[in-house]
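Working notes, structure below.
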Amino acid sequence: GNFVTALSRFTSKGGKEGMTLKDMSIDVTITNGAVSVAPFNVFIDGHKSNISGSTSLDGALDYKISTSVPAGELGQQANAALAKLTGSTEEASSDIKLNLGVTGPYDSPKISLIGSDAKDAIKEQVTEAAVNKAADLVKQNTGVDVPTSKEELNKVAIEKARKEADKLLAEAQKQADQVKVEASNTAAKVRTEAKIQNDKLIKEAGSNILKKKGAEIAGKKLIKEADKQAIKIESEGTRQADAIMVKAQEKADTLIKNAESK
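Counted from 1, the sequence shown has number 84 at position 80 by the working numbering; the numbering is strictly sequential.
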């Protein structure tokens, strides 16, 4: 009929023109002479579709059709526009979801696009075509392969995150090592100063046995306290170094996790 013919011309190249109805149960209600049809599934030109709407008493149509058509099977005008947008003469292979409105009299129906699914699908193809063209230009001029698919981009992002994480950990290790070195040097100075003070006390005691004995006792105590202080300094240096590495590892893990989750 005119309805199917108009629909086929709008959505296809003009090959098959047919609607397949098989083993179907369609819910129909009549209100004030208008026939309303509940949503039901059919195959139009081999494409699964869903139809719902109504026909008024005077034969005016008001239907909505949701269907999915391979981009390469769109009408000639649609394919020409798509080729102009994408810069490609090849027909797209992905399906485009169409929400169609059917209005007007039954013997001369008007088919129009409603909704934005088709626009989104074409926009996606245009974007992909632009990315591929840019990648080809870079390849031609530099010899460098540029990732274009989502999987390739994700792989590159993860690899970049891992390199950044490694760099972050390496810098943190340098900082941690420096903290340990400074702590070790400070501890060594404390021990050295205690040794100097011990030698000074013994020297000042001279040959006096009692003074010398007292100096030795005081010197040993001084060295022991200095050693305790030095150990605390070294422990604090180790604690700070470990904290630096833990914080860096957390940042590194977050970098990689964020890249992997995209």
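Don't be surprised by glycine CBs; every beta carbon is placed ideally from N, CA and C. Every value quoted in this text rests on a predicted model; they were computed, and no experiment measured them.
Reducing DSSP to helix, strand and coil, say where residue i ends up.
{"i": "Ser53", "result": "strand"}
{"i": "Gly241", "result": "helix"}
{"i": "Lys159", "result": "helix"}
{"i": "Leu259", "result": "helix"}
{"i": "Ile69", "result": "strand"}
{"i": "Lys101", "result": "strand"}
{"i": "Lys266", "result": "coil"}
{"i": "Ile34", "result": "strand"}
{"i": "Met249", "result": "helix"}
{"i": "Val41", "result": "strand"}
{"i": "Glu254", "result": "helix"}
{"i": "Gly108", "result": "strand"}
{"i": "Ser58", "result": "strand"}
So residue i and residue j are in contact, right, with Cβ under 8 Å, and what is the actual spacing, rounded?
{"i": "Ile48", "j": "Thr71", "result": "6 Å"}
{"i": "Asn103", "j": "Lys68", "result": "7 Å"}
{"i": "Ile118", "j": "Gly105", "result": "5 Å"}
{"i": "Lys266", "j": "Ala161", "result": "6 Å"}
Shortest alpha-carbon distance to residue i belongs to which of the options?
{"i": "Lys171", "options": "Lys266, Leu259, Phe44", "result": "Leu259"}
{"i": "Ile235", "options": "Ile55, Lys261, Ala191", "result": "Ala191"}
{"i": "Ile30", "options": "Ser58, Asn36, Gly50, Gln253", "result": "Ser58"}
{"i": "Ile248", "options": "Gly108, Gly37, Glu175, Ala42", "result": "Glu175"}
{"i": "Glu220", "options": "His51, Asn212, Leu205", "result": "Leu205"}
{"i": "Glu163", "options": "Ala263, Asn36, Val41", "result": "Ala263"}
{"i": "Lys224", "options": "Ala198, Tyr67, Ala169", "result": "Ala198"}
{"i": "Gly37", "options": "Leu226, Ser60, Gly50", "result": "Ser60"}
{"i": "Glu168", "options": "Lys261, Lys266, Asp62", "result": "Lys261"}
{"i": "Leu65", "options": "Lys101, Val73, Ser116, Gly50", "result": "Ser116"}
{"i": "Lys228", "options": "Thr196, Lys101, Lys217", "result": "Thr196"}
{"i": "Lys101", "options": "Val73, Pro113, Lys114, Ser112", "result": "Val73"}
{"i": "Asn189", "options": "Val41, Glu155, Gln233", "result": "Gln233"}
{"i": "Arg166", "options": "Asp257, Pro113, Ala209, Glu208", "result": "Asp257"}
Going by the CB atoms, is the gap between residue j and residue i shorter than 8 Å?
{"i": "Asn45", "j": "Ser56", "result": "no"}
{"i": "Ala222", "j": "Val194", "result": "no"}
{"i": "Gly241", "j": "Lys178", "result": "no"}
{"i": "Leu173", "j": "Ala252", "result": "yes"}
{"i": "Ala187", "j": "Glu238", "result": "yes"}
{"i": "Gly63", "j": "Tyr110", "result": "yes"}
Taking 7 Å as the cut-off, is the beta-carbon of residue i closer than that to any non-hydrogen atom of the ligand GDP?
{"i": "Ile69", "result": "As for the ligand GDP, it is missing from this structure, which has no ligand bound."}
| query | What runs of the beta strand (DSSP E), each 3 residues or longer, lie entirely inside the stretch 165-239? | reply | Contiguous beta strand (DSSP E) elements confined to the stretch 165-239 do not occur, taking only those with 3 or more residues.
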